[in-house]
Amino acid sequence: MAQSCDRIVDGLRKAGFHIEIIHFTARTSKIQYKKQQHGGYSAIPFQESEAHVLNIAWNHIETLGKFEGLVCFGGYLSIMAAPIYAKWGGFPLYTFLRGNDFDTAIFTARKRPILQEALEQSAKVFAVSTDKVKRVKAWLPQIDVHYVPNSIIVETWQPTESELSFAANWRKEYVSDKRCLGIFGQLKPKKGINLLIDALRKTPLAKKLHLLLIGDTSPELIELVETYEISFTHKPFQDRYELMKYYLCCDALVIPSYYDGMPNVMLEAGALGKPIVASAVDGMKDVIEHKKEGLLFRVGNEEALRKAIYDFCALSDSELAAMSNYLQNKIKEQYSLKNEIEAYEKHLA
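Per the working numbering, the very first residue in the sequence shown carries number 19; after that it's consecutive.
Take a look at the structure:
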């Protein structure tokens with residue numbers, strides 16, 4: 019979410035919007051303010067209680083001047099504060115549902131009424147997948163909700179010669195004649211990692227694949243992969259630009275999530291020409307056309323995931339290259355920052 023926020027804020031500022039960022043964080047003990055071009059950044063300490071931090075945040079916001087709107091990214095504190103701040107300030111509220119914020123809040127007893135209040139008081143709501151738009155509309159038909167997908171700045175997301183060389187050498191050492199599937203991000207059950215392991219352990223597929231796991235996980239998961247004798251490499255969480263060389267090591271990325279937004283890793287991998295094997299839900303379904311830019315399977319279905327991986331292994335090198343080209347071109351043409359910012363400009367101007 020932080021990466022998306024930075025990209026959108028920077029794009030809107032360049033388009034002429036003045037934006038003051040309010041960031042709740044435990045990394046500071048006092049309010050810190052930094053002037054930025056076309057706005058500023060305020061770090062608000064979270065150390066005592068929700069009530070305390072939100073009261074001192076409003077006191078600070080009042081010192082920043084008058085505003086014409088309040089944008090709320092879907093974190094819990096933001097969702098709780100935004101409807102009140104908008105009323106106090108007398109300006110419209112715009113709520114952005116980015117990742118799993120909607121999926122978790124709607125089924126959490128304490129958070130659901132807070133989410134509902136924020137959505138009902140929003141002048142407009144924006145979601146990064148058509149699934150999210152449909153679910154918001156089905157729950158609260160009166161809400162003015164719009165689909166605006168994520169984007170990627172392709173021009174700054176280009177591999178260097180050293181990264182290409184790293185990937186080639188890494189593949190020689192770890193992959194050999196296998197195909198490499200990358201799983202990047204939160205390696206947790208809700209992201210479908212256990213479903214993937216279960217799909218592989220009952221088949222000879224494991225002998226044809228090498229898994230590249232990038233992200234923090236539990237020792238139990240690593241033990242499970244080792245128990246099933248699945249070839250794998252695990253690396254801890256990496257900075258975004260450190261990930262570039264590891265994307266290049268893969269033949270495809272796997273996103274078996276039960277629910278999601280529009281994952282940055284999908285756009286990042288796709289922009290590098292890496293096709294996607296993903297559950298047919300949320301942003302994955304919006305971007306990937308089955309058997310054209312990747313392979314989709316029914317969400318949460320182990321048999322369907324296993325078939326998708328079989329199909330992936332059966333692809334010829336030329337078919338795999340064609341998938342890569344289709345996805346790379348689609349992301350470049352349809353998921354640019356220019357398109358994303360123009361969509362927000364249209365609604366926020």
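Yeah, the Cβ is synthetic: ideal placement off N, Cα and C, and Gly gets one too.
Apart from the five residues on each side of it in sequence, which residues of its chain come closer than 7 angstroms, Cβ to Cβ, to Gln139?
-> Pro101, Ala104 and Leu111
Helix or strand or just coil, what does DSSP make of Gly210?
-> coil
Which of the three DSSP states, helix, strand or coil, is assigned to Arg197?
-> strand
Mind checking whether the beta-carbon of Thr46 lies closer than 6 angstroms to any heavy atom of the ligand SAM?
-> In terms of ligand content, the structure shown is empty, and the ligand SAM therefore cannot be addressed.
With Glu86 as the anchor, note down where its alpha helix (DSSP H) starts and where it stops.
-> Glu86 -> no alpha helix (DSSP H), and no H or E assigned at all.
Over what stretch of residues does the alpha helix (DSSP H) that includes Tyr94 continue unbroken?
-> Tyr94 to Gly107
What number of angstroms, rounded off, separates the C-alpha of Val154 from the C-alpha of Arg116?
-> 13 angstroms
Have a look at Gly58, Ile49, Asn118 and Ala123 and flag the residue whose alpha-carbon is nearest the alpha-carbon of Arg31.
-> Gly58
In angstroms with no decimal places, state the Cα-to-Cα distance between Pro159 and Gln134.
-> 12 angstroms
Considering only residues of the same chain and omitting the five flanking positions on each side of Ser342, which have a CB-CB separation below 7 angstroms?
-> Gly291, Lys292 and Pro293
Quick one: give me the first and last residue of the alpha helix (DSSP H) that Lys52 is part of.
-> Note, Lys52: premise wrong, no alpha helix (DSSP H); beta strand (DSSP E) at Gln50 to Gln54.
Three-way DSSP call (helix, strand, coil) for Pro110 in this model | coil
Span of the alpha helix (DSSP H), counted from its first residue to its last, around Leu242 = Pro237 to Thr245
Between the Cα of Gly312 and those of Glu320, Ile327, Pro254 and Val143, spot the shortest distance and give me the residue it belongs to.
-> Ile327
Do the region 219 to 237 and the region 198 to 205 touch if we need at least three Cβ pairs shorter than 8 angstroms?
-> yes
Length of the line joining the Cα atoms of Asn187 and Ala270 | 18 angstroms
What residues in its chain sit with their C-beta under 6 angstroms from that of Ser169, if we drop five residues either side in the sequence?
-> Tyr353, Ser354, Leu355 and Glu358
Minimum length 3: unbroken beta strand (DSSP E) runs contained in the region 214 to 300 | 227 to 232, 250 to 253, 270 to 273 and 294 to 297
Tell me, please, whether the CB atom of Asp329 is closer than 7 angstroms to any CB atom in chain C?
-> No chain C is present in this structure, which holds just one protein chain.
Distance CB(Gly267)-CB(Cys198) smaller than 7 angstroms | Residue 267 is actually Cys in this sequence, not Gly. Yes.
Could you please give the first and the last residue of the uninterrupted beta strand (DSSP E) stretch that includes Lys142?
-> Ser140 to Ala145
Three or more beta-carbon pairs under 8 angstroms between the region 212 to 220 and the region 318 to 325, yes or no?
-> yes
Which residues in the same chain have their Cβ closer than 8 angstroms to the Cβ of Leu227, if we skip the five residues on either side of it in sequence?
-> Lys196, Arg197, Cys198, Leu199, Leu218, Ile248, Ser249, Ile327 and Cys331
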